[in-house]
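The block underneath contains the structure these notes are about, expressed in structure tokens.
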Amino acid sequence: MNKKLLVTIVSAVLLLILLTHMVLNKWSKNQPVTDLKEIKANGSLVIATSNNPLDYFQYKGEPIGFQLELLEDFASSLGLKVDVIVCNNPTETIELLRSGKCDIIASSWNVSMKNDGQLLNSLPLMQTDLMLVQRDPSVENSSKPLVSGVNELIGKTVYVPLLSSQAGLLRGVTNTRHEQIKVVEMAQYSPEKLTELVAKGKLDYTVCSNVLTGALKNQYPSLDFNTVVEKSEPIVWSVRKSSPLLLSEINKWLVSFKKSTRYLTLVDKYFSSEKKWASTETHYYSRKGNTISAYDDLIKKYSAQIKWDWRLLASLIYQESRFVPGVKSRKGAYGLMQLMPTTLQHFGAGKKSSPEQQIKAGVKYIKSLDQAFARLIFDPKERINFILASYNIGPGHIFDAQKLAPKMGKNPKKWFNNVDTCLLSKSDPENYNDPLVKFGYCKGVETFSFVQEVMDRYRQYKKITKE
29 MNKKLLVTIV
39 SAVLLLILLT
49 HMVLNKWSKN
59 QPVTDLKEIK
69 ANGSLVIATS
79 NNPLDYFQYK
89 GEPIGFQLEL
99 LEDFASSLGL
109 KVDVIVCNNP
119 TETIELLRSG
129 KCDIIASSWN
139 VSMKNDGQLL
149 NSLPLMQTDL
159 MLVQRDPSVE
169 NSSKPLVSGV
179 NELIGKTVYV
189 PLLSSQAGLL
199 RGVTNTRHEQ
209 IKVVEMAQYS
219 PEKLTELVAK
229 GKLDYTVCSN
239 VLTGALKNQY
249 PSLDFNTVVE
259 KSEPIVWSVR
269 KSSPLLLSEI
279 NKWLVSFKKS
289 TRYLTLVDKY
299 FSSEKKWAST
309 ETHYYSRKGN
319 TISAYDDLIK
329 KYSAQIKWDW
339 RLLASLIYQE
349 SRFVPGVKSR
359 KGAYGLMQLM
369 PTTLQHFGAG
379 KKSSPEQQIK
389 AGVKYIKSLD
399 QAFARLIFDP
409 KERINFILAS
419 YNIGPGHIFD
429 AQKLAPKMGK
439 NPKKWFNNVD
449 TCLLSKSDPE
459 NYNDPLVKFG
469 YCKGVETFSF
479 VQEVMDRYRQ
489 YKKITKE
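Following the working numbering, the residues of the sequence shown are numbered contiguously, the last one being 495.
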């Protein structure tokens, strides 16, 4: 063989090997290196989860869910808060992890391990059964027989989320039996969405975890969820391969936590047949509609008068009263909006006022605060933070904090990391005795947390309800 030709062939082979290696490792090299140290420095654990009865949902205005509560307990053990990204698209959820926009995937559909080991799974949170979802012929008056076992799926097509562990389990069943079940992985579809497509007759079969069947049975009475496809599928959390210390901390915590009374309490809370949140019939439940509270129509009506997103006003009301119209605080604040008696009276309401009158009075008060800050804070979105702070503690202390801001190198027209920290400083004698300060001592911690909590809840409300 010509020597020059041989060199060319060898070079081409080496180049092909190099390119193959680069392709196989491209994702690994592009993975952001974010592990426990960086997460702790950031102060929050960012999780991507789904809006369903196992993972995360809103109940009477409060974020709740088995996965959420577990993650909050884990984050608390590290001194971190939880930041939730709600995503019902499995493909997009995996990309959130890959790109470093979240630290953990915590979802009732498990990530497949077919990523060349680039995604790592934790120890199981719990074991569940994988159930077949199909239309019930007895409900539909159909002659099509009900599939009652895996053997009867031979030659049929089952649809599952792309890159989910369900695909691997079904293919494992096929390989074991040396017979063919066609498994189609669907990008951008969650188990709940695939279930909806089965109910509409667009697909014949999908699968879902038995922990979700309570809610889905109520939502789709024409479907059958009784055929077990695979027993004891683990529910796990997934992290990037570049987060081994995080994974180690998760596993160490899970071993201990699963022995605790707290874990048993959560299992009972969400999965006991008597108490299962998944089967609750209440209307004020994010999986059953676009509803937060019994007063949503009134909140929408009056929020329009101050040009607020109704979900922001709902978050404020939840923070104040948990939507209980007759509640009275130790300081004497009353009702849904928790206004003091003199403020209630000034804005046309009282202790015997209806919920609508209470909300109307609270909105009038908010409008007055907006007018007070409009000449100081021109950005309407930024002004909301000052209004919320004033709603909690009164505008006088906020004006004081704004006056202190320039002396402390802070921006008097920005709340977060600026005026909020100046408000906290009003508990120091050198600051509350400053000639600029008119309203004296202020602890400030409650107001600092109040604004943050209302805005955090508002962001969660936006993720699972429509405008």
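In this text, a Cβ means the ideal position worked out from N, Cα and C, and glycines have one as well. This structure is a prediction, so every number in the text was calculated from the model and none was measured.
Legend entry - Alpha-carbon spacing of proline 173 relative to leucine 244, whole angstroms: Near 21 Å, if we compare the C-alpha coordinates of leucine 244 and proline 173.
Inset, instruction - Look at tyrosine 460 and glycine 468 and say whether their C-beta atoms are less than 7 Å apart. - result: In this structure, glycine 468 lies closer than 7 Å to tyrosine 460 by Cβ.
Legend entry - Counted within 10 angstroms of its Cβ, other Cβ atoms place glycine 507 as buried (16 or more) or exposed: The requested residue 507 does not occur in the structure, where the chain is confined to residues 29 to 495.
Inset, instruction - Using the Cα positions of alanine 306 and isoleucine 122, report the straight-line distance between them to the nearest angstrom. - result: Residue placement at alanine 306 cannot be trusted, given a pLDDT of 46 that sits under 50; the coordinates are not used to answer.
Inset, instruction - Under 7 Å Cβ to Cβ from phenylalanine 253, same chain only, skipping five residues before and after it: list those, please. - result: The beta carbon of phenylalanine 253 is closer than 7 Å to those of Met159, Val161, Thr241, Leu244 and Lys245 in its chain, skipping five residues each way along the sequence.
Inset, instruction - Kindly indicate which residue of Lys466, Phe102 and Leu340 has the alpha-carbon position closest to the one of asparagine 279. - result: Restricting attention to Lys466, Phe102 and Leu340, the CA atom closest to the CA of asparagine 279 is found in Phe102.
Legend entry - Endpoints, beta strand (DSSP E) assigned at cysteine 236: Cysteine 236 -> beta strand (DSSP E) spans 234-237.
Legend entry - Segments of 3+ residues assigned as beta strand (DSSP E) that fall wholly inside the stretch 82-151: List check, beta strand (DSSP E) in window: 85-87, 90-92, 109-114, 132-134 and 147-149.
Legend entry - Beta-ladder partner(s) of glutamine 385, from DSSP: Per DSSP, none; premise fails for glutamine 385.
Inset, instruction - Name the residue from Gly229, Ser477, Met214 and Ser171 whose alpha carbon lies nearest to the alpha carbon of leucine 190. - result: When only C-alpha atoms are compared, the closest one is Met214.
Inset, instruction - Measure the alpha-carbon distance for serine 250 versus glycine 376 and round it to whole angstroms. - result: In a straight line, the C-alpha of serine 250 is about 51 Å away from that of glycine 376.
Legend entry - Cβ neighbour criterion (16 or more within 10 Å) applied to aspartate 63: So aspartate 63 counts as buried.
Inset, instruction - Could you tell me whether the Cβ atoms of valine 167 and cysteine 130 are closer together than 7 Å? - result: For valine 167 and cysteine 130, no; Cβs fall outside 7 Å.
Legend entry - Short Cβ contact (7 Å threshold) for asparagine 79 with isoleucine 387: Not a contact, by the Cβ cut-off of 7 Å.
Inset, instruction - Give the secondary structure of leucine 464 by DSSP, where H, G and I count as helix, E and B as strand, and everything else as coil. - result: In the structure shown, leucine 464 sits in coil (DSSP, three-state: anything other than H, G, I, E or B).
Legend entry - Contact the stretch 432-444 vs the stretch 390-400: 3+ CB pairs below 8 Å: No, the stretch 432-444 does not touch the stretch 390-400.
Inset, instruction - Check lysine 228 in the structure and name its three-state DSSP category. - result: Here lysine 228 carries a coil assignment [DSSP, helix/strand/coil].
Inset, instruction - Using the Cα positions of lysine 356 and proline 383, report the straight-line distance between them to the nearest angstrom. - result: When rounded, the distance between both Cα atoms is 14 Å.
Inset, instruction - State buried or exposed for glycine 183, treating a residue as buried only when at least 16 other CB atoms are found within 10 Å of its CB. - result: Burial call: exposed.
Inset, instruction - Please go through the same chain and pick out, in chain order, the residues whose beta-carbon is closer than 8 Å to the beta-carbon of isoleucine 405, but skip the five residues on each side of it. - result: The beta carbon of isoleucine 405 is closer than 8 Å to those of Arg411, Phe414 and Lys441 in its chain, skipping five residues each way along the sequence.
Legend entry - Classification of leucine 341 by the beta-carbon crowding that lies within 10 angstroms, buried from 16 upward: Buried, since its Cβ has 16 or more Cβ neighbours within 10 Å.
Legend entry - Run of the alpha helix (DSSP H) containing leucine 275, from where it starts to where it stops: According to the DSSP assignment, leucine 275 belongs to the alpha helix (DSSP H) that extends over 272-285.
Legend entry - Simplified DSSP state of asparagine 439, which is helix, strand or coil: The answer is coil: DSSP assigns asparagine 439 none of H, G, I, E or B.
Legend entry - Pair within 7 Å by beta-carbon distance, leucine 96 and isoleucine 263: No, Cβ-Cβ distance for leucine 96 and isoleucine 263 is not below 7 Å.
Inset, instruction - Sort Ser135, Ser170 and Ser171 by Cα distance to threonine 156 and report the nearest one. - result: Of the residues Ser135, Ser170 and Ser171, the one whose Cα lies closest to the Cα of threonine 156 is Ser135.
Legend entry - Where phenylalanine 427 falls, given that 16 or more other Cβ within 10 Å makes a residue buried: Phenylalanine 427 is buried by the Cβ-count criterion.
Legend entry - Local conformation of histidine 206 per DSSP, three classes: Interpretation of histidine 206 is limited by its pLDDT of 49, a score under 50 that renders its predicted location unreliable; no figure is taken from the coordinates.
Inset, instruction - Apply the 10 Å Cβ neighbour rule to phenylalanine 299 and answer buried if 16 or more other Cβ atoms are within range, or exposed otherwise. - result: Residue environment: phenylalanine 299 is assigned as buried (16 or more neighbouring CB atoms within 10 Å of its CB, all protein chains considered).
Inset, instruction - With a cut-off of 8 Å on the beta carbons, I'd call cysteine 236 and threonine 223 a contact; round off their distance for me. - result: Cysteine 236 to threonine 223, Cβ: 6 Å. Contact.
Legend entry - Close Cβ partners of asparagine 446 (< 8 Å) along its chain, the five nearest in sequence each way excluded: In the same chain as asparagine 446, and ignoring 5 residues on each side of it, the C-beta atoms closer than 8 Å to its own belong to Ala433, Lys438, Asn439 and Pro440, in chain order.
Inset, instruction - Measure the beta-carbon distance from isoleucine 113 to leucine 124 and round it to whole angstroms, keeping in mind my assumption that it falls under 8 Å. - result: Confirmed, about 6 Å.
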